[in-house]
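Read in numbering that gives the first Met the number 0, the sequence shown has 142 at position 143, and its numbers run on one by one without any break.
C-beta: ideal position from N, C-alpha, C; glycine also.
What follows is a single structure, written as structure tokens, with notes after it.
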Amino acid sequence: MDVVVAGSHGFIGSALVADLLARGHDVRRLVRPGSAARRRSPAPAAGSPTAGSPAAGSTAASPAAGSTAGSPAAGSTAAGSTRGPGVVARGTVVDLPWDPYAGDLSPAALEGADAVVNLAGAGIGDRRWTPAYRREILRSRVATTGLLARTLASLDEPGVLVQSTGIGAYGNRGDETLTETSSRGDDFLADVVKAWESAAEPAAEAGVRVAHLRSGIVLAPRGGALGRLLPLIRLGLGGPLGSGRQWWPWITLPDELAVFRYAIEHPLAGPVNTVAPDLATNAQVVRAVARALHRPAVLPVPRIALRVAVGQFADDLLRSQRAVPAVLEAAGFRWEHPTLESAARWVAEG
Ligand SMILES: NC(=O)c1ccc[n+]([C@@H]2O[C@H](COP(=O)([O-])OP(=O)(O)OC[C@H]3O[C@@H](n4cnc5c(N)ncnc54)[C@H](OP(=O)(O)O)[C@@H]3O)[C@@H](O)[C@H]2O)c1
């Protein structure tokens, strides 16, 4: 496959690029002005390829960033090669410039791709949510999605847009079971997801297949929300967050990447709850990880400590969303880590 990835240098994006390349797919990374990717020559992080993936031990191609716009061939590329005694299939990677805030993206950058994956957006857990940063969280998602959608809509061939959004679409919902047909929430993140998903409408109206992956909390040994909580858990300090009774929709990073690949290759469209089927409260998630790390997890983590560890994202972590992956289950998707126990074991081994 040939896949365009926007937001390719973040926690999920860098792992997805490495995973796709390792599987022999070609990747076109969209690089923003001022992106860290333009200041260094990035090799996609090893990420966390799924077990048995050819990625293990292979390095991804590492092109110079900021190549010229136009045909993908105009960008800098690195070809796959073989490595070691076994043949390791590797794709090629090319970096192409775009400027979402200026509305600047060459249609040729998307032309002929099997899918466009959009993971771009200002970090949710990175900074204090001042009014200005809230605007940035929203604008960065709407501008990127809108530009990709309009550009895809302008192409002759209707393509595929796999859009990362968030389970925050449902707001704070207590013990209610949430499927993709449930109503939306009415808090800040729910409003962001609504605008984010709406920004893709020009593509859907033009016949592009658009899947909105409403992702839960992505669990990994490094990076993401859990990555920041793990030092607390390793110290035996990470007990339930707040009351601990909130439902925490979770998914491991390898399964998150697998859902992206699945959504590219299967006819999923519309919202897709991208979570594991083993529903758990935050106390259960933290306890399972602590157990796998052979640490006690007894002391509750108050909101204030959580704020220090993960910033305003704490408020998101303290919301309750009992989200079930109805669309993925109906489609026959198979999780590598379907149970909390298997997920916690994988995190602890990482
Ligand atoms: N991690 C989770 O648990 C989780 C859960 C639910 C939803 N999500 C959503 O999934 C997406 C990817 O998550 P992630 O954890 O990989 O996020 P991340 O590490 O913060 O990466 C997001 C990427 O977006 C791009 N970006 C940053 N600021 C931007 C701006 N102002 N305008 C446009 N693009 C900008 C950057 O990529 P480039 O430098 O390559 O442009 C960055 O690497 C995000 O939209 C996030 O909200 C994540």
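At a cut-off of 6 Å, the beta-carbon of residue 258 does not count as near ligand 1: no heavy atom of the ligand is closer than that. Per DSSP, reduced to three states, the secondary structure at residue 155 is coil, with no helix or strand assignment. Per DSSP, residue 263 is one residue of the alpha helix (DSSP H) stretching across 252 to 264. Contact annotation, residue 118 with residue 163: C-beta distance approximately 5 Å; criterion of less than 8 Å satisfied. Around the Cβ of residue 331, a 10 Å sphere holds fewer than 16 other Cβ atoms; the residue is exposed. Contact between the region 169 to 176 and the region 98 to 114 is not established, with fewer than three Cβ pairs separated by less than 8 Å. Here the C-alpha atom of residue 127 lies approximately 12 Å from the C-alpha atom of residue 135.
If you draw a 10 Å sphere on the C-beta of residue 202, you find 16 or more other C-beta atoms in it, and that means buried.
By the neighbour-count definition (other C-beta atoms within 10 Å, threshold 16), residue 322 is a buried residue.
Excluding sequence positions up to five before and after residue 139, its CB lies within less than 6 Å of the CB of 120 and 121, all in the same chain and listed in chain order.
A distance of 7 Å or more separates the beta carbons of residue 99 and residue 150. Following the DSSP letters along the chain, one finds residue 27 inside the beta strand (DSSP E) bounded by residues 25 to 30. Judged by DSSP in its simplified three-state form, residue 163 adopts strand. The C-alpha of residue 29 lies about 20 Å from the C-alpha of residue 157. The C-beta distance from residue 274 to residue 248 rounds to 4 Å, short enough to meet the 8 Å contact threshold. Exposure of residue 266 is indicated by the presence of fewer than 16 other C-beta atoms within 10 angstroms of its C-beta. Note on geometry: alpha-carbon atoms of residue 145 and residue 192 lie some 13 Å from one another. Sixteen is the threshold: since fewer than 16 other Cβ atoms of the shown chains lie within 10 Å of the Cβ of residue 182, the residue is exposed. In terms of Cα proximity to residue 257, the closest of 14, 190 and 294 is 14.
In its chain, beyond the 5 residues on either side, 25, 112 and 113 have a beta carbon closer than 6 Å to the beta carbon of residue 1. In this structure, 95 is the residue among 95, 221, 241 and 133 with its C-alpha nearest to the C-alpha of residue 31.
Around the beta-carbon of residue 125, fewer than 16 other beta-carbon atoms lie within 10 Å, marking it exposed.
Beta-carbon to beta-carbon, residue 220 and residue 154 are separated by about 39 Å, too far to satisfy the 8 Å threshold. With a cut-off of 6 Å, the C-beta of residue 219 is classified as distant from ligand 1, since no heavy atom of the ligand falls inside that distance. Per DSSP, the continuous beta strand (DSSP E) segment holding residue 270 begins and ends at 269 to 273. Taking 7 Å as the cut-off, the Cβ atoms of residue 250 and residue 161 do not count as close. When secondary structure is reduced to three states using DSSP, residue 291 falls in the helix class. Distance from the CA atom of residue 277 to the CA atom of residue 328, rounded to whole angstroms, is 12 Å. Comparing alpha-carbon positions, the option among 141, 186 and 246 lying closest to residue 177 turns out to be 246. Residue 321 sits in a strand when the DSSP states are folded into three classes.
In the structure shown, the three-state DSSP call for residue 21 is helix. Under the 10 Å beta carbon count, residue 280 is surrounded by 16 or more other beta carbons and is classified as buried. With 16 or more other Cβ atoms inside 10 Å of its own Cβ, residue 27 counts as buried. A residue is called buried once 16 or more other Cβ atoms fall within 10 Å of its Cβ, and residue 185, having fewer, is exposed.
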